[in-house]
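Trainee: Quick note, the sequence shown lines up with residues -24 to -1, 1 to 397 if you use mature numbering (1 follows the signal peptide of the UniProt record, and there is no 0). Built from N, CA and C at the ideal position, the CB exists for glycine as well. Just so you know, these numbers come straight off a predicted model, no measurement behind them. For reference, the structure I am asking about is given below.
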Amino acid sequence: MFYCHFKFIYFLFLFSLVSCGKEAVVPAKSEPPVSVREDIDEEQEETIILYVAPDGIGKSDGSSEHDAAYFADKTFWTQVQNSLAQSEVEVKFLVGNYVRAYTHDPFVFKQMGNKDNRLILRGSEGVEFRLPQTGGVANYIMDFQGSQNITIDNMHFSGDGAIQYVMRFTRSGTVPTTNILVENCSWIGMSGVQYGASGCHYETTSHITYKNCTFKQIGSTTSAHMIYNAYGATHIHIINSHFEDCAGDYIRYRDQSDYGLVKGSTFIRNKKIANLDFIWLPAFIALPVFNDIDPGDEFFTNNIAVVDNKFVDNAVSKTDKVVSFHHSGFSPDGRKYLLTAAEGAVLKEGPDFDKRELLINNFGIDPSKVRIHGNTYPPNTTNVVILQTVANYGAVDLGFRGFGNIASLINTSSVPFSWEK
């Protein structure tokens, strides 16, 4: 009992010290990454429990449910960071609508977390972030910049308010964002999402895991995605989650976002896709590059695993693409992403040996590093994996605009890559 009283006094003491004292679509283009930690050191200090609410309650110091802090109180979050030097900290979000995170005070977790002591942001079924239509466009609800060793649990987002990203993970200067677990969260009925319900960006962003999450009815144009990873973010793992009805590609791994795992998840399309050119039809999982300068500066993601998922398409007579490697624009130095008519014929109809050579030499894609296994597809699926390329942004067409089915080249082994574990 004395220990608990001492710990609480210590927390209040620290709190008093602190109190005194490339584009909009995706952002333009330390400590080593570690895997999400599931065990807790038995000798670790007891977890500090703190509370926040949509509005401050009582003393608003976060010490109890009756004295919950205002969720966006910067002094409170500074104290949380200080406390992590001593112990794991769990911040419990009380039931309510945290609408002010959209209208007034978005969360910015800048260089939050501690490599030894985990920060847990704990919600519940009643912890909601409902986005009203205000006429404006918000950048984000939660933005994690240069943060580490954090769990985000049981947060629920909805509403048609316009927003670029709902929950984003990115670097802060040279400080990486790493070792993040997002679990039991939902994004439902969000037609105002412009780019991503969530997303991970830049080279030093790594080891972000989404687990048991739900995404439904996201976006109203093909620029909207459920999870948008780009510009070298790595080890983004998506496990046992549900994806249903997205206006654009459901999941993207853009521009060298390697070591991505999509496992044990369900993908459903109920709504008819807009009448678009095949090249621009959304895929369930896309690995795109958009090279709008000459020479191009984006390179294909290569290391990827799509395993044990279920794909359902109730909207069209045939499913033309499940996984899509997509290039638009100029070729980067050392690559030939734009094809001649003869090269295009190889991509579409050539023997596997020639196709493989084309993928490796022109696109830098090694199909042995792409593992697709154990998935179930709609009975009307025509192409499980494709590669498509098109001149755009003023690039000169060399004679081929289209796609080829590359499923026969892909690694279908049941044995996981070492990086999947």
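(1) Relative to the alpha-carbon of L363, which residue among A259, E41, A48, D49 has its alpha-carbon at the smallest distance?
(2) Which of the three DSSP states, helix, strand or coil, is assigned to G38?
(3) Buried or exposed: where does F329 fall if 16 or more other Cβ atoms within 10 Å of its Cβ makes it buried?
(4) Got a sec? Which residues, its chain only, sit under 7 Å from D296 by beta carbon, not counting five neighbours each side?
(5) When burial is assigned at 16 or more other CB atoms within 10 Å of the CB, is Y369 buried or exposed?
(6) Give the secondary structure of V283 by DSSP, where H, G and I count as helix, E and B as strand, and everything else as coil.
(7) Measure the beta-carbon distance from N155 to N130 and round it to whole angstroms, keeping in mind my assumption that it falls under 8 Å.
(8) Can you tell which of D373, E179, T198 has the C-alpha that lies nearest to the C-alpha of T210?
(9) Is the beta carbon of G340 sitting closer than 8 Å to the one on F275?
(10) I need the boundaries of the alpha helix (DSSP H) containing K324, first residue and last residue.
(11) What do you get for S162, buried or exposed, if any count of 16 or more other CB atoms within 10 angstroms of its CB means buried?
(12) With respect to the beta strand (DSSP E) encompassing S134, which residues constitute its N-terminal and C-terminal limits?
(13) Taking just the CA atoms, how far does E21 sit from Q193?
(14) Identify which residue in I203, I212, G149, S40 has its Cα closest to the Cα of K397.
(15) Could you check the C-alpha separation between F133 and I164 for me, to the nearest Å?
(16) Just to confirm before moving on: does the CB-CB distance between P82 and D119 stay below 8 Å?
(17) Taking 8 Å as the threshold (C-beta atoms), are P152 and S174 in contact?
(18) Looking at F105: is its Cβ nearer than 8 Å to the Cβ of A138?
(19) What residues in its chain sit with their C-beta under 6 Å from that of K68, if we drop five residues either side in the sequence?
(20) Using DSSP's beta-bridge definition, name the partner residues of L363.
(21) Please look up how many angstroms separate the CB atoms of I280 and S241, rounded, as I've assumed it's under 8 Å.
(22) Cβ atoms of H218 and V283: under 8 Å apart, would you say?
(23) To the nearest whole angstrom, what separates the beta carbons of N338 and Y313, a pair I think is in contact under 8 Å?
(24) Considering only C-alpha positions, which residue in the set F243, A200, C176 is nearest to S123?
(25) Evaluate H303 with the Cβ neighbour count: other Cβ atoms within 10 Å of its Cβ, from every protein chain shown; 16 or more gives buried, anything less gives exposed.
(26) Expressed to the nearest angstrom, what Euclidean distance is found between the alpha-carbon atoms of Y186 and K35?
(27) Below 8 Å on the Cβ atoms is my contact criterion, and I expect A200 with Y171 to pass it. Report the Cβ-Cβ distance as a whole number of Å.
Mentor: Reading from the atomic positions:
(1) One-based indexing of the sequence shown puts residue 363 at position 387. If we check each option's Cα against that of L363, A259 comes out closest.
(2) Stepping through the sequence shown from its first residue, residue 38 is reached at position 62. Coil at G38, not helix or strand.
(3) Along the sequence shown, read from residue 1 onward, the residue named residue 329 stands at position 353. Burial call: exposed.
(4) If you number the sequence shown from 1, residue 296 lands on position 320. Its chain contains F254, L257, T358, N359 as the residues whose beta carbon lies nearer than 7 Å to that of D296, once the 5 sequence neighbours on both sides are disregarded; these appear in chain order.
(5) Within the sequence shown, numbered from 1, the residue matching residue 369 stands at position 393. Around the Cβ of Y369, a 10 Å sphere holds fewer than 16 other Cβ atoms; the residue is exposed.
(6) Translated into the one-based positions of the sequence shown, residue 283 becomes position 307. In this structure, V283 counts as strand in the three-state DSSP scheme.
(7) The residue you call residue 155 lines up with position 179 of the sequence shown. The residue you call residue 130 lines up with position 154 of the sequence shown. The C-beta separation of N155 from N130 comes to about 19 Å, leaving the pair out of contact by the 8 Å criterion.
(8) The sequence position of residue 210 within the sequence shown is 234, counting from 1. With distances taken between Cα atoms, T210 lies closest to E179.
(9) On the sequence shown, position 364 is the one that residue 340 refers to. On the sequence shown, position 299 is the one that residue 275 refers to. The answer is yes: Cβ separation under 8 Å.
(10) Numbered from 1 along the sequence shown, position 348 holds the residue referred to as residue 324. From DSSP, the alpha helix (DSSP H) with K324 extends over 317 to 325.
(11) What you label residue 162 is simply residue 186 of the sequence shown in a count that begins at 1. Counting of Cβ neighbours within 10 angstroms places S162 among the buried residues, the total reaching 16 or more.
(12) Position 158 of the sequence shown, counted from the start, is the residue given in the question as residue 134. First-last of the beta strand (DSSP E) with S134: 132 to 134.
(13) Working through the sequence shown from its first residue, we reach residue 193 at position 217. Working through the sequence shown from its first residue, we reach residue 21 at position 45. Cα-Cα distance, rounded: 42 Å.
(14) Position 421 of the sequence shown holds residue 397. When only C-alpha atoms are compared, the closest one is I212.
(15) Within the sequence shown, residue 133 is the residue found at index 157, counting from 1. Within the sequence shown, residue 164 is the residue found at index 188, counting from 1. Looking at the two C-alpha atoms, the distance is approximately 6 Å.
(16) Here residue 82 is taken as the residue at index 106 of the sequence shown, counted from 1. Here residue 119 is taken as the residue at index 143 of the sequence shown, counted from 1. A Cβ-Cβ contact shorter than 8 Å links P82 with D119.
(17) In the sequence shown, residue 174 corresponds to position 198, counting from 1. In the sequence shown, residue 152 corresponds to position 176, counting from 1. It is not a contact, given that the beta carbons lie outside the stated cut-off.
(18) Within the sequence shown, numbered from 1, the residue matching residue 105 stands at position 129. Within the sequence shown, numbered from 1, the residue matching residue 138 stands at position 162. With a cutoff of 8 Å on beta-carbon distance, F105 and A138 are scored as not near each other.
(19) The residue labelled residue 68 in the question sits at position 92 within the sequence shown. Only Y27, R98 meet the Cβ criterion.
(20) Within the sequence shown, residue 363 is the residue found at index 387, counting from 1. F301, G380, per the DSSP bridge assignment.
(21) Translated into the one-based positions of the sequence shown, residue 280 becomes position 304. Translated into the one-based positions of the sequence shown, residue 241 becomes position 265. Not quite, the Cβ-Cβ distance comes to about 14 Å (not below 8 Å), so this is no contact.
(22) If you number the sequence shown from 1, residue 283 lands on position 307. If you number the sequence shown from 1, residue 218 lands on position 242. Contact: no.
(23) On the sequence shown, position 362 is the one that residue 338 refers to. On the sequence shown, position 337 is the one that residue 313 refers to. About 7 Å separates the two Cβ atoms, so the contact holds.
(24) On the sequence shown, residue 123 is found 147 positions in, with the first residue counted as 1. Considering only alpha carbons, the answer is C176.
(25) For the purposes of this step, residue 303 is identified with residue 327 of the sequence shown, where counting begins at 1. Buried.
(26) On the sequence shown, residue 186 is found 210 positions in, with the first residue counted as 1. On the sequence shown, residue 35 is found 59 positions in, with the first residue counted as 1. When rounded, the distance between both Cα atoms is 35 Å.
(27) Mapped onto the sequence shown, residue 200 falls at position 224. Mapped onto the sequence shown, residue 171 falls at position 195. Separation of the CB atoms of A200 and Y171 is rounded to 7 Å, and the pair is thereby assigned contact status at 8 Å.
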